[in-house]
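What follows is a short report on a single structure.
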Amino acid sequence: MKTHLMHPDRGFDPQQPLPWNAGDLIDDLELDTLLAVMADGDHVLYEIGRVALLTPLQDPAEIRYRQAALEDCLRHREIVTEIYAGAVAAIAREKRIFGSILRRPTSVVSRSVEVLEMFVEHLTRLRVIADERSWTFRSAAFTTFFEMIATELDDQFFATAGAHLRRLRFRDGVLMSAELGTGNTGTRYTLRRPHHERGTWLERLTAPPRQGLTFVIPDRDDAGFSALSELRDQGLDHIAHALSRSTDHILAFFKALRTELGFYIGCLNLHDQLGAEATAWCFPEPVQGSVALSCRDLRDAALVLTTEEPVVGNDVDADGRSLVMITGANQGGKSTFLRAVGLAQLMMQSGMFVTAQQYRANVCEAIATHFSREEDPTMTSGRLDEELRRMSDIADHIRPGSLLLCNESFASTNEREGSQISRDILRALQEEGIKVFFVTHLFDLAHGIARQGRGDTLCLRAEREADGHRTFKLPVGEPLPTSYGTDLYARVFGTAAGTETPPTGETRSGASSRRDTR
Numbered sequence: 001m002k003t004h005l006m007h008p009d010r011g012f013d014p015q016q017p018l019p020w021n022a023g024d025l026i027d028d029l030e031l032d033t034l035l036a037v038m039a040d041g042d043h044v045l046y047e048i049g050r051v052a053l054l055t056p057l058q059d060p061a062e063i064r065y066r067q068a069a070l071e072d073c074l075r076h077r078e079i080v081t082e083i084y085a086g087a088v089a090a091i092a093r094e095k096r097i098f099g100s101i102l103r104r105p106t107s108v109v110s111r112s113v114e115v116l117e118m119f120v121e122h123l124t125r126l127r128v129i130a131d132e133r134s135w136t137f138r139s140a141a142f143t144t145f146f147e148m149i150a151t152e153l154d155d156q157f158f159a160t161a162g163a164h165l166r167r168l169r170f171r172d173g174v175l176m177s178a179e180l181g182t183g184n185t186g187t188r189y190t191l192r193r194p195h196h197e198r199g200t201w202l203e204r205l206t207a208p209p210r211q212g213l214t215f216v217i218p219d220r221d222d223a224g225f226s227a228l229s230e231l232r233d234q235g236l237d238h239i240a241h242a243l244s245r246s247t248d249h250i251l252a253f254f255k256a257l258r259t260e261l262g263f264y265i266g267c268l269n270l271h272d273q274l275g276a277e278a279t280a281w282c283f284p285e286p287v288q289g290s291v292a293l294s295c296r297d298l299r300d301a302a303l304v305l306t307t308e309e310p311v312v313g314n315d316v317d318a319d320g321r322s323l324v325m326i327t328g329a330n331q332g333g334k335s336t337f338l339r340a341v342g343l344a345q346l347m348m349q350s351g352m353f354v355t356a357q358q359y360r361a362n363v364c365e366a367i368a369t370h371f372s373r374e375e376d377p378t379m380t381s382g383r384l385d386e387e388l389r390r391m392s393d394i395a396d397h398i399r400p401g402s403l404l405l406c407n408e409s410f411a412s413t414n415e416r417e418g419s420q421i422s423r424d425i426l427r428a429l430q431e432e433g434i435k436v437f438f439v440t441h442l443f444d445l446a447h448g449i450a451r452q453g454r455g456d457t458l459c460l461r462a463e464r465e466a467d468g469h470r471t472f473k474l475p476v477g478e479p480l481p482t483s484y485g486t487d488l489y490a491r492v493f494g495t496a497a498g499t500e501t502p503p504t505g506e507t508r509s510g511a512s513s514r515r516d517t518r
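Okay, so the sequence shown: first residue is 1 according to the UniProt record's numbering, each after it adds one.
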């Protein structure tokens, strides 16, 4: 039985390898904040969400497949939660059913029958849910899932399974056949079905005595009981293997169901928290081929979840733009916007909703980040060497059609050298068909690129009002030769002569509460 709730043609593998830069993505985009909300304290949900977000889908059709399934989950939360809880309970109950540490066939059969009876109980409840509520689901994922339940778990299945499990309790003992082999040793032990099944108590009382040769072992004959036990194990050996495989098969189904529904449960947890923050969200539109990114009221999802202040969203139309240069005032929301783009892209390609009123973007082959780092505490290399080494690593892995997010890259050296390095790298990336969002305060770099007037380049500038107030909006605008660092000086050390103290309130974009506040 296959669930097919996350992929139309295969199961979701929670053990699949993560991309080479998974750690950087988690740190730079603050994915831990998002994952913690999705998990709601459940480590299993955390791991499922982590793998799903870090292994984004490449096919828009698959993305829409998950989006439709998530829409069903949002409409029918109680049903989905009940199915998920049933899968979790089945897995937990299986762990609590202990068997012999010796793994003898007799003990394997006994434990397997007990586990299968418990599994049938949960499968019966799943069948009832499918019969009563499947018609309310619209997505291909859940429609296929419920059709599989109706087909595989029909009335004949439960009748046959129940009959076999009752028989495997061996209340009338074990009936088997055997042949004599070399040296008159027993061979070809085969479990047999009794000719007459055990009837009612009245039938058992009035039944005539059984005919046949019998052998009774004395009560204290330990060797005889041991030999009889060995005969019983030989007769049950084949059925023990079959029952063990059946148990593993159904357990694997419940684990797959927990995993794939677990992703949607995590999305529901996130949806609840975003609803509590009154944050707009939408299902993004994935496109294939052409370079595209347009959004309305895009917000940093991690920031929304960590601040009590309202978060300012941004509207951007970067369709056809392979390079987006972002400049402007310090603490103006540049890095926050960069994280918002990265999170939205990962969430979109995972089949999730995004924190925006509208989001449309091309599907990227890979997503990479190149954010500034602290000084190397071991002093084995300088910051520029470290930045170049990381960029070289990115170049080794990134492919055409990928997305690269750069935050103050090569700002550790002087402006002339940093601008030249960045210019060469950006040119190569654009030639290879890689989309780049580049936050920088290197005016020589940004101004030079803006002057080229290329149609595939867009310049955004963090807005600053005349009194120094940051709006945290990023309208289209050419770079300026200042990042208004004097505003920060005035705020920290007091009003400078002839200037007016800029108002506070930067927490709207997370400037005062984030690790990276450029």
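Beta carbons: idealized from backbone N, C-alpha and C, even for Gly.
Any idea what DSSP makes of residue i, helix, strand or coil?
i: F12; result: coil
i: D297; result: strand
i: W20; result: coil
i: F98; result: coil
i: S177; result: strand
i: I367; result: strand
i: L261; result: helix
i: A280; result: coil
i: D317; result: strand
i: F437; result: strand
i: R245; result: helix
i: residue 534; result: With the chain covering 1 to 518 only, the question about residue 534 has no answer from this structure.
i: R373; result: coil
i: L474; result: coil
i: L228; result: helix
i: L305; result: coil
i: L57; result: coil
i: D237; result: helix
Within the continuous beta strand (DSSP E) that includes residue i, where are the two ends?
i: residue 530; result: Here the chain covers residues 1 to 518 and nothing more, so residue 530 does not appear.
i: D385; result: D385 -> not in any beta strand (DSSP E); alpha helix (DSSP H) instead, spanning 383-397.
i: A325; result: A quick correction: the sequence has Met, not Ala, at residue 325. Looking at the DSSP string, the run of the beta strand (DSSP E) that includes M325 is 323-328.
i: T190; result: 186-191
i: A150; result: Unbroken run through A150 is the alpha helix (DSSP H), 140-152; no beta strand (DSSP E).
i: L480; result: It is not in any beta strand (DSSP E) - L480 carries neither H nor E in the DSSP assignment.
i: T457; result: 457-462
To the nearest whole angstrom, what separates the beta carbons of residue i and residue j, a pair I think is in contact under 8 Å?
i: Q430; j: S322; result: 5 Å
i: T355; j: V316; result: The Cβ separation is near 14 Å, so there is no contact.
i: L338; j: F437; result: 6 Å
i: H370; j: L343; result: Wrong, their Cβ atoms sit about 16 Å apart, outside the cutoff.
i: C459; j: G448; result: So it is not a contact: roughly 11 Å between Cβ atoms.
i: A366; j: R399; result: 6 Å
i: R470; j: G332; result: 5 Å
i: M1; j: E152; result: 5 Å
i: Q358; j: C267; result: Contact doesn't hold; Cβ gap of about 19 Å is too wide.
Could you check which residue in the options has the C-alpha nearest to that of residue i?
i: H164; options: S177, F142, R125, V109; result: V109
i: P17; options: L29, I48, D27; result: I48
i: A178; options: D233, E374, P19; result: D233
i: G173; options: R423, Y264, T106, I398; result: T106
i: D72; options: Y264, E132, S372, E478; result: Y264
i: A446; options: F254, D424, I434, E432; result: D424
i: A292; options: G401, R167, L153, P194; result: G401
i: N330; options: E463, C364, S229, R220; result: E463
i: G41; options: M348, N269, R427, E374; result: N269
i: S392; options: N414, A368, D28; result: A368
i: N314; options: L175, N21, R461; result: R461
i: F119; options: Q58, F253, E415, A69; result: F253
i: V287; options: G275, V363, T327; result: V363
i: M176; options: R383, R104, I239, R50; result: I239
i: F170; options: A150, T144, V113, D155; result: V113
i: A89; options: L251, F157, P218; result: L251
i: H441; options: V216, G468, S372; result: S372
i: P60; options: M352, G455, D456; result: M352
i: E277; options: D248, D297, T136, V311; result: V311
Can residue i be considered in contact with the ligand COA, in the sense that its beta carbon sits closer than 7 Å to one or more heavy atoms?
i: D237; result: Absence of the ligand COA is noted for the structure shown, with no ligands found whatsoever.
If you follow the alpha helix (DSSP H) that residue i is part of, which residue opens it and which one closes it?
i: L165; result: 155-167
i: I449; result: 443-452
i: I63; result: 60-75
i: G289; result: Taken as a continuous stretch (DSSP letters only), G289 belongs to no alpha helix (DSSP H), as it is neither H nor E.
i: H220; result: The identity of residue 220 in the sequence shown is Arg, whereas the question assumes His. Premise fails: R220 is in no alpha helix (DSSP H) and is neither H nor E.
i: L123; result: 105-133
i: L426; result: 415-431
i: L34; result: 31-39
Kindly confirm or deny that the region 5-15 and the region 26-33 touch, where touching means at least three C-beta pairs closer than 8 Å.
-> no
Report yes or no: do the region 291-307 and the region 413-420 share at least 3 C-beta pairs separated by less than 8 Å?
-> no
Three-pair Cβ contact test at 8 Å for the region 259-278 versus the region 124-133 | no
Touch check for the region 108-128 and the region 80-92: three-plus C-beta pairs under 8 Å?
-> yes
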